[in-house]
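Residue numbers (the numbering used here), protein chains in the order written: chain A, 52 to 376; chain B, 268 to 580; chain C, 36 to 395. For glycine and all other residues, C-beta sits at the position ideal for the given N, C-alpha and C. Below is one structure, written out as structure tokens; comments come after it.
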Amino acid sequence: MLRFITRRLLIAVPILLGVTIVTFGFANLAPGDPLSALVRPGSDIKGQDIERLKEALGLNKPVHERYVTWLGQIARGNLGVEIVGGGSIAKALTKRIPNTIKLMGTALTISVVMGVLLGVLSAFRQHSKLDKAMTVVVISGISLPPYLLAILAIYFLAVVPFQLFGIKLLPAGGLEDPVSTLPPLIDELWHLILPALVLAFAGTATFLRYTRASVLEVMRQDHVTTARSKGLAERRVRARHVLRNALLPVVTVLGLSLPSLIVGAIFVETLFSWPGVGQYAIEATREHDYPAIMAVGLLTSVVIIVSNLITDVTYAFVDPRIRVR
Amino acid sequence: MTAGLPPTTASEVDAPIWQPSSDLMAHKARSPRQLAWRRFRRNQLAILALGVISALAVIAILAPLIAPFDPTEVDRKAFGKPPSLEHLLGTDRSGRDVLSRLMHGARVSLSVGVVAVTIYLVIGITLGSLAGYRRGLTDAIIGRVTDTVMSFPGLIIILAVVPIVGRSPLNIMIVIGLLNWPAVTRLVRGEFLSLREREFTLAARGIGARDRRIILRHILPNVTGPLVVLASFGMAEAMIVEAGLSVLGLGIQPPDASWGGDLQAATDVGVLTQKPWLWMAPGAAIAIAVLSINFIGDGLRDALDPRAIVGRR
Amino acid sequence: MTLLSVRDLVVRFRTQENTIHAVNGVSFDLEVGETVGLVGESGCGKSVTSLAITRLLPTPVGRIEGGDILFDGRSLLRLSEAEMRAIRGREIAMVFQDPLTSLNPVLTIGSQMIEGMVAHEGLSTADARTRAVELLGMVGIADGHKRINAYPHQLSGGMRQRVMIAMALSLRPKLLIADEPTTALDVTIQAQVIDLIKELTRRSGTAALLITHDLGVVADMTQRTCVMYAGRIVETATTSELYARPRHPYTVGLLNSISRIDQEPRDLRPIEGAPPDGSRLATGCPFAPRCAWRLPVCWSDDPTLAAEDRDAPVITTGPAASHLAACHNPVRADEVEVGRPQRPGFVAAPNPALVRAATS
């Protein structure tokens, strides 16, 4: 077991390095160098001054040296500065990450609970009305892109009630309403509902699908017949022999969804003006702010690699076939 | 066993006994492909979806001929007008006919799907075959590269690359295509690894068939099933990504016609509330197209799965 | 005393694409303490029959569509699911072919052995555990108190099958149904497992229904044997009688296709052709296409089980059981070893449908 973990760690390291190299490469591919972008045209900084500044900032050193320096900075938590405004990227991200986690965390929780529950029920009642209804849910969940759902949700649940009845049923965006009379926590929750539900729709569909498939697969296996042949009550067969085995792969799906806690909501955040990491990335793209985009990319890749590692280890822990000898 | 004692009676010298019974005679042999097609045909939803996509494809191809207006042509008499007899789906705020834009938008969306999928199928199959067939160092290297690419959040890469290479439709198609091949590679590699050791491959090698022939004639045909399913879902995904980028203003923008770009109008509260036809049309188009492709993919997967046993009620 | 009586059992599998006629009128009896073998090729319906007895067929695809199954005097087909569950494990226990897939991989063998005892006999977990360790010893697994916490993948194939047997016998059932219990095991382990089953069933007086395609295993373990083909029983007799003097052409073919220690070495002959796939119900005898003894009537009339002496009373169980064969033209004593009809001028009747087609 320990060997398994060590091996996974060792494999993760070169991938991590590869990711940093690619990120660095991209950042350097961007047209123009950082200094020229900061210099306003028409100002009277002379060419040789620019050269001296470049020398001082180490921009003339060879690529691999700059890479190592850059890596060192990253390790210290310095993710660079934005091209526009010069603010610290790390600080900006630190402010935004909690917002995204609040949104995606809520959505993910709803998705897992609803998805697994409905998936198990659908599988146990295969071909029933519930199952058929769930198939529709799954297909819509994976087909209706989140931005479309967001627009529809805003229209039907925020705009229309206001237009027709004058009710502000749900807010059309933003994190909070500065002039609201509600206590801040409730206000934030009120603003959270719509985007979280939109995100949870697709998430529920995914978990539903995998859980249902897994349960159906396990129900076909021989050991379930053995359990039944021992005369055990069907409820016990399902709980002990079907679900325990079927929910194992769902752990993997959960683990693979962890990265979305950081970058899962790009479209939804932007459409709902939710100040999170996703919205930050879109703004950065619009402003051609490469350091910011690449910082988000690096952050996400690291989260992906780490969560893959955590998923593998958790699965190994939970599945006795891997855990024991 | 010791070799035959000589037959002791004439009847031991065998005339063949085996004769098919009448019910066996009526039994037609069907190839797996025919069986799969029969199963697919029975899925009404998938057939309906196939019809819808075919219709969309025809519209897309013939758009320049059948669209009532040029999608970029401005009708000065009708800025942002609701559906009327002249403009069946209304006009946008710059006076362009929505229906025509929808038809031309179909060209963009469908071609993004097709091109992106083609690119990553080609990359994925090539790399997967090499990794699965050659194994050893080739496999290890390709494996590491695949893992690295898979660790990247696709969307972020697209966001990073699009400002650099510009927003032309072709670039977007290429970028999307370059991101999703790891899944294909893994699938192909897996199939190769398992099929490589199966008897029919060993038999082919035994009679001296060359590598390329073995790959093309024996292994690849077995992979096409899951690949087709993967490709159809990939196409839907590519279309969703392209439309999403356009909605956020990072993809194909007006005056060029694209479903996502036109959907962007919905981000303007005025349009959202007062001119619903502007965004409902492209929104519906995206939804219908992607839904249909997913139904087809689902139907294909059910039809091609040899283990699926569906009971009759 | 008859323990199990299967009467004219019919089982069909109905899928969206076609219907499989898995079992087409199977009848046999089992006495208390008897071990009976059900022999046949893959696909002949023997496993389906065993699943039908315990009503474990995969629903809704598999359905019992005819006949009856009497156990201890009660009709199993008329019982409710709850009543059936009381019988499963407690009175009828099953051992399956592949112990690796038949045991739950994520539970210890101990917990799997215990749950039956707790559910049926109300034992406390501690008592059940003690008994489980005893059972492990009974099937020849040493260090039972340590092994009981092992997971299935930590044991060898032979040990796993012993665990399955222990589990099956833990509630002292009246009938043990063993479906290909040795097929997935090495030959050397096979012999051990066979001996184990024989010993345990003899000691506890448990009746056993042994399902297999392996004629060697049947010869070793059973008192009586039923031969199945295409969902029917084509011959039934005491095992020694069957091997010495088979009457159905299929049985003769089977016995000639294996090497036997009680005969001179000779060429092995497989039976030509292949068994029907069950998607269509044959007219006439299902073995006719492959039979060297066939008469014209074999193509149109499905024969029923009958003894050589049609007037003698039919005894269904025990050492004096009647030797029945479903055949219009049974094999004669002198033809058995040769494997072909030894009647001058006899030619196997051609399929009249083919003849008609050729001459029209």
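Residue i - DSSP class collapsed to helix/strand/coil
| i | result |
| --- | --- |
| Ile67/A | The residue you asked about is not Ile; residue 67/A is Leu in the sequence shown. Of the three classes helix, strand and coil, the one that applies to Leu67/A here is helix, per DSSP. |
| Gly421/B | helix |
| Phe252/A | helix |
| Thr540/B | helix |
| Leu38/C | strand |
| Asn359/A | helix |
| Ile408/B | helix |
| Leu359/C | strand |
| Ile306/C | coil |
| Asp312/C | coil |
| Leu158/C | coil |
| Leu210/C | strand |
| Val577/B | Because Val577/B sits at a pLDDT of 48, beneath the cut-off of 50, its placement in the model cannot be relied upon, and the point is left open. |
CB contact flag (residue i, residue j, <8 Å)
| i | j | result |
| --- | --- | --- |
| Arg239/C | Leu204/C | The residue asked about is misnamed: residue 239/C is Ser in this sequence, not Arg. A contact, by the Cβ cut-off of 8 Å. |
| Ser280/A | Gly124/C | yes |
| Val46/C | Leu92/C | yes |
| Gly511/B | Phe318/A | yes |
| Leu144/A | Leu130/A | yes |
| Val371/C | Pro305/C | no |
| Gly156/A | Thr257/A | no |
| Pro310/A | Asn150/A | no |
| Leu170/C | Gly192/C | no |
| Arg259/C | Thr274/C | yes |
| Val538/B | Leu530/B | no |
| Ile563/B | Ala313/B | yes |
Spatial neighbours of residue i in its chain, beta-carbon cut-off 6 Å, leaving aside the 5 residues before and after
| i | result |
| --- | --- |
| Asn310/B | Gly566 |
| Arg58/A | none |
| Arg579/B | At Arg579/B, the pLDDT of 43 sits below 50, so the modelled position is not reliable and the matter cannot be decided from this model. |
| Ser352/A | Val70 |
| Ala342/C | Ser357, Leu359 |
| Ala121/C | none |
| Gly528/B | Ser513, Ile519, Gln520, Pro521 |
| Phe131/C | Ser137, Asp214 |
Cβ neighbours of residue i in the same chain (closer than 7 Å, five flanking residues each side left out)
| i | result |
| --- | --- |
| Val293/A | Val266, Val269, Met270, Val275 |
| Asn184/C | Thr143, Gly145 |
| Thr275/B | Here Thr275/B scores only 42 on pLDDT, less than 50, and its place in the model is too uncertain to base an answer on. |
| Pro338/C | Cys320, Ala361, Cys362, His363 |
| Trp526/B | Gly372, Ser376, Ala510, Pro549, Ala552, Ile553 |
| Lys146/A | none |
Sequence-distant residues of the same chain with beta carbon closer than 8 Å to residue i, five excluded per side
| i | result |
| --- | --- |
| Ile356/A | Ala63, Ile66, Leu67, Val70 |
| Val141/C | Tyr186 |
| Thr241/C | Gly68, Leu204, Arg207, Pro208, Lys209, Leu210, Leu211, Leu235 |
| Ser294/C | Pro300, Leu303 |
| Ala265/C | Asn59, Cys79, Gly80, Pro310, Pro311, Gly313, Ala317, Pro321, Phe322 |
| Leu60/A | Leu360 |
Cross-strand partners of residue i (DSSP beta bridge)
| i | result |
| --- | --- |
| Gly101/C | Val45/C |
| Met263/C | Ile268/C |
| Arg109/C | Phe106/C |
| His56/C | Arg47/C |
| Arg123/C | Ile127/C |
| Glu299/C | For Glu299/C, which the question treats as bridged, DSSP gives no partner whatsoever. |
| Gly61/C | Looking at the sequence itself, residue 61/C is Val, so the reference to Gly does not match. Paired residue(s): Leu44/C. |
| Thr151/A | Answer is none; Thr151/A lacks a bridge partner. |
| Leu244/C | Val71/C, Ile212/C |
| Val132/A | Ser139/A |
| Thr186/A | Answer by DSSP bridge pairing: none, since Thr186/A is not bridged. |
Whole-number beta carbon distance between residue j and residue i, since they are thought to touch under 8 Å
| i | j | result |
| --- | --- | --- |
| Ile560/B | Ile320/B | 6 Å |
| Val253/C | Gly72/C | 4 Å |
| Ala524/B | Pro338/B | 4 Å |
| Leu112/C | Ile99/C | 6 Å |
| Gly286/B | Pro324/C | In the sequence as displayed, the identity of residue 286/B is Gln instead of Gly. With 8 Å as the limit, Gln286/B and Pro324/C qualify as a contact, their Cβ atoms being about 5 Å apart. |
| Val1/C | Leu250/C | Not covered by the structure: residue 1/C. The range shown for chain C is 36 to 395. |
Any non-hydrogen atom of the ligand GTP within 7 Å of residue i CB
| i | result |
| --- | --- |
| Met502/B | With respect to the ligand GTP, the structure offers nothing, as it holds no ligand at all. |
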